[in-house]
Amino acid sequence: MSATYTPIENTPGGKKAAGPVGWLDDRLGLAGVAKKNLRKVFPEHWSFMLGEIALWSFVVLLVSGVFLTFWYQPSMAEVVYDGSYAPMRGLEMSEAYASTLHISFDIRGGLLMRQIHHWAAALFIGAMLAHMLRVFFTGAYRKPRELNWLIGIGLLSLGIIEGFAGYSLPDDLLSGTGLRIAEGMILSVPVVGSYLSFFMFGGEFPGDVIIPRLYMAHILLIPALILGLIAAHMLLLVYHKHTQWPGPGRTEKNVVGYPMFPVYAAKAGGFFFVVFGFTALMGALFQINAVWVYGPYNPAEVTAGSQPDWYMGFAEGLLRLMPNWESTILGWTFSWNVMIPGLGGMAFLFTALGVWPFVERWITGDEREHHLLERPRNAPTRTAFGVAGITWFGLAWIAGGNDIIATQFGLDVYAMIRFLQVAIIVGPILAFVITRRICIGLQRQDRDKVLHGYETGIIERTPDGGYSERHQPLPELDRYTITAHDRAPALEAAGETDENGVAVPASRRARLKARARRFYWEGVVDKPTAEDVEHADEHLGEFDGHPAALGQEFRGVSETGVPKSH
Ligand code: HEM
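Following the UniProt record's numbering, the numbering of the sequence shown begins with 1 at its first residue and continues without gaps.
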């Protein structure tokens with residue numbers, strides 16, 4: 001059956017559109033740009049959807065956020081509540097809190113929109129983090145994409161600040177508690193902390209300007225910055241082209257996938273509705289940030305079990321784990337207990353993320369462009385650092401909920417703190433060592449598969465009674481895919497002694513670099529050479545095929561691995 005192809009301009013729709021499109025093109029001259037970009041090829045892999053989830057949840061945030069601005073009042077003026085939520089009637093509260101109750105109880109669809117907005121924020125940051133991890137673990141940030149990585153770090157930090165500003169707006173007891181912590185962190189800045197705090201809150205905490213200020217940042221300043229950065233992120237993505245997984249036909253110079261129009265546009269457009277539908281379902285079915293339960297903010301009160309939104313949990317956890325160190329020097333108080341975990345923790349996280357591509361490039365000395373992704377196992381040290389980072393973040397996050405965990409599981413909260421104080425140092429180191437071993441183990445397994453074939457599950461008995469498992473060669477394409485990565489470099493021992501045993505005057509920098517390179521490549525299992533493969537093939541060549549394929553009687557292997565009938 002053959003379908004006849006009709007160029008779009010000859011279809012009835014095409015003929016109708018020709019006039020207006022021609023009119024526009026005469027004025028904007030976009031046809032050339034569109035032609036080029038609509039044909040842009042986008043490779044396919046499920047993990048490339050994570051960035052899209054971030055993108056679409058941001059769109060959901062914009063749409064639902066605009067709805068909320070119609071009724072929300074960013075004012076700290078005191079009012080007496082007289083809305084339809086009976087338990088609060090007659091209570092004094094800020095206009096901000098009263099308007100949030102109003103949206104929740106008196107505006108049709110208001111609570112749904114608030115909950116969609118809040119769930120979308122949680123998803124936005126979760127998706128960004130997952131997207132960042134996929135970029136990290138596949139080495140997609142390597143040259144030429146370092147700038148896009150940095151833009152991503154900007155987006156992640158702005159997203160977190162935006163979320164924090166957002167959940168501070170209702171001015172309820174929980175959000176006020178969060179702001180109090182932020183104030184504590186600002187106060188802990190040496191020397192100028194109290195001035196900064198006065199500047200931000202317009203005087204003593206909480207003052208009466210912080211909510212309008214946060215509102216301006218939340219609906220204008222930060223979204224505009226995020227939008228600008230997303231635009232730059234997408235432009236760079238189109239300019240660099242997307243990376244792809246290695247495989248037959250995929251090289252550093254091409255991209256194999258579907259064109260932007262119509263396939264990818266339809267998929268991405270459809271995916272927007274999936275994300276919107278998902279957040280709408282979450283908003284409809286699962287309660288989030290029930291501000292009427294907490295009550296209006298009062299600086300003298302804190303609810304037991306107060307928890308921030310999930311993405312601030314690690315910062316809270318670091319604060320809870322820090323010993324109570326404080327010193328007074330020349331009349332100035334230095335609150336290390338707040339400054340180190342609060343400001344230091346976040347600064348450490350974002351600085352480590354920001355500098356990593358450059359540190360790695362310095363260590364490996366790799367100046368080439370990379371458009372093919374790397375399997376995490378083939379960069380064991382990078383993967384190990386990533387898992388160590390996740391462990392650190394996860395333990396800090398657990399510490400942020402230590403009171404809830406202690407009460408729910410009947411644990412001693414002080415014992416938990418002690419344990420976590422040790423675990424947050426030892427845990428990442430252990431995670432690093434174990435992950436690197438696992439990666440190297442997997443590399444070894446890959447090498448074995450390429451050289452000795454895969455395990456068929458057929459157990460054979462030799463005449464002298466020994467058992468062994470029959471191996472079958474991997475299909476050629478699989479072999480190609482497994483081995484489509486760089487060879488580990490030969491490591492030179494920089495400048496210790498020359499051939500006469502005399503110390504070579506290498507610079508400290510060179511020695512440090514050599515040591516870092518040795519550390520980076522330590523234990524890496526190289527892929528087999530062409531000769532190795534040829535040699536192994538001679539062995540595997542003796543193999544006469546799968547018995548089932550040869551028509552021999554064969555009924556497989558039992559659950560215990562012993563042949564049932566062979
Ligand atoms: C508002 C938040 C963000 C949005 C909307 C976003 C969106 C996207 C999209 C749609 C892609 C292409 C699909 C994909 O590879 O997943 C992409 C690629 C990329 N993103 Fe993001 N992203 C965001 C945040 C981040 C963060 C936090 C990082 C890292 C710190 C990052 C680094 C990158 C890099 C390096 C690429 C190129 C990857 C490649 O070509 O394989 N992005 N981003």
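We put the beta carbon where it would ideally sit given N, CA and C, even for glycine.
Residue i (DSSP reduced to helix, strand or coil)
i, result
"MET312", "helix"
"GLY178", "helix"
"GLU44", "coil"
"ARG509", "helix"
"MET88", "helix"
"GLU469", "strand"
"PRO20", "helix"
"GLU78", "strand"
"THR6", "coil"
"GLY561", "Confidence in GLY561 is poor, its pLDDT being 40 and thus under 50, which makes the residue's placement unreliable; the coordinate value appears in the next sentence. Looking at GLY561 - three-state DSSP - the assignment turns out to be coil, as it is neither helix nor strand."
"ARG461", "strand"
"residue 593", "A query on residue 593 cannot be resolved here, the shown segment of the chain reaching from 1 to 566 and no further."
"GLY13", "helix"
"SER104", "helix"
"TYR454", "strand"
"ASP172", "strand"
"ARG39", "coil"
"GLN115", "helix"
"GLY83", "coil"
"ARG145", "coil"
"SER99", "helix"
"ARG250", "strand"
"SER64", "helix"
"SER157", "helix"
Rounded separation between residue i and residue j - CA only
i, j, result
"GLU146", "HIS371", "12 Å"
"TYR5", "THR11", "10 Å"
"GLY457", "LEU512", "48 Å"
"ALA120", "ALA399", "25 Å"
"ALA140", "HIS471", "35 Å"
"LEU91", "ALA315", "33 Å"
"THR251", "VAL275", "32 Å"
"LYS449", "LEU373", "21 Å"
"MET200", "SER157", "19 Å"
"PRO376", "THR435", "10 Å"
"PHE358", "ASN500", "36 Å"
"PHE554", "PRO473", "The predicted model places PHE554 with a pLDDT of 40, which falls under 50 and marks its position as unreliable; any figure quoted below should be read in that light. Going by the C-alpha atoms only, they are around 19 Å apart."
"GLY14", "GLY22", "11 Å"
"ARG89", "ASP82", "5 Å"
"GLY389", "ILE363", "19 Å"
"MET49", "PHE272", "11 Å"
"GLY202", "PRO299", "16 Å"
"PRO463", "GLY453", "23 Å"
"GLY386", "GLU9", "51 Å"
"VAL80", "THR100", "14 Å"
"SER107", "SER327", "Residue 107 is actually Ile in this sequence, not Ser. Distance between the alpha carbons of ILE107 and SER327: 51 Å."
Selection from the options that minimises the alpha carbon distance to residue i
i, options, result
"PHE278", "LEU123, ALA490, TRP521 and THR351", "LEU123"
"TRP356", "MET93, PHE137 and TRP332", "PHE137"
"TYR294", "GLY32, PHE42, GLY178 and VAL274", "GLY178"
"TYR480", "GLN244, HIS240 and PRO248", "PRO248"
"TRP216", "PHE205, SER168, PHE273 and GLY203", "Rather than Trp, the amino acid found at residue 216 in this sequence is Met. Comparing Cα-Cα distances from MET216 to each of PHE205, SER168, PHE273 and GLY203, the minimum goes to SER168."
"GLY427", "ILE438, GLY394 and MET88", "GLY394"
"SER64", "MET93, LEU30 and LEU112", "LEU112"
"MET260", "ARG39, GLY19 and LEU237", "ARG39"
"LEU236", "GLY203, ASP25, TRP149 and LEU30", "TRP149"
"GLU95", "VAL21, TYR297, THR435 and ILE363", "TYR297"
"PHE42", "VAL21, GLY257 and GLU531", "GLY257"
"ASP537", "SER468, LEU451 and GLU469", "LEU451"
"ASP366", "ASP486, PHE519 and GLU469", "ASP486"
"GLY331", "ASP25, GLU9 and VAL191", "VAL191"
"ALA290", "PRO246, GLY453 and TYR97", "TYR97"
"MET312", "PHE348, PRO246 and ILE161", "ILE161"
"GLY207", "MET234, GLY176 and VAL189", "GLY176"
"ALA514", "VAL135, HIS102, ARG134 and GLU360", "GLU360"
"PHE519", "ASP532, LEU540 and ALA488", "ALA488"
With a threshold of 8 Å, are at least 3 pairs of Cβ atoms found where one atom belongs to the segment 341 to 348 and the other to the segment 182 to 191?
Cβ pair count under 8 Å is three or more, so yes.
Which complete alpha helix (DSSP H) runs does the segment 318 to 394 hold, if anything under 4 residues is left out?
If only uninterrupted alpha helix (DSSP H) runs of at least 4 residues are considered, those enclosed by the segment 318 to 394 are 345 to 364.
Which runs of the beta strand (DSSP E) at least 3 residues long sit entirely within the segment 192 to 239? Give them in chain order.
Runs found: none.
Quick check: the segment 283 to 292 against the segment 70 to 79, are there 3 or more CB pairs under 8 Å?
Cβ pair count under 8 Å is below three, so no.
Of all the beta strand (DSSP E) runs that stay within the bounds of the segment 401 to 449, which reach a length of 3 or more residues?
As far as the segment 401 to 449 is concerned, it has no whole beta strand (DSSP E) run of at least 3 residues.
Three-pair Cβ contact test at 8 Å for the segment 52 to 62 versus the segment 221 to 234:
Flag = yes, the segment 52 to 62 and the segment 221 to 234 touch.
Is the segment 109 to 118 in contact with the segment 189 to 206, if contact means three or more CB pairs nearer than 8 Å?
Too few Cβ pairs lie closer than 8 Å, so no.
Determine contact between the segment 127 to 134 and the segment 42 to 57, defined as no fewer than three beta-carbon pairs at a distance below 8 Å.
Yes, since at least three Cβ pairs between the segment 127 to 134 and the segment 42 to 57 fall closer than 8 Å, the two stretches touch.
Inspect the CB distances between the segment 429 to 447 and the segment 522 to 532 and report whether three or more fall short of 8 Å.
Yes: the two stretches touch, three or more of their Cβ pairs being nearer than 8 Å.
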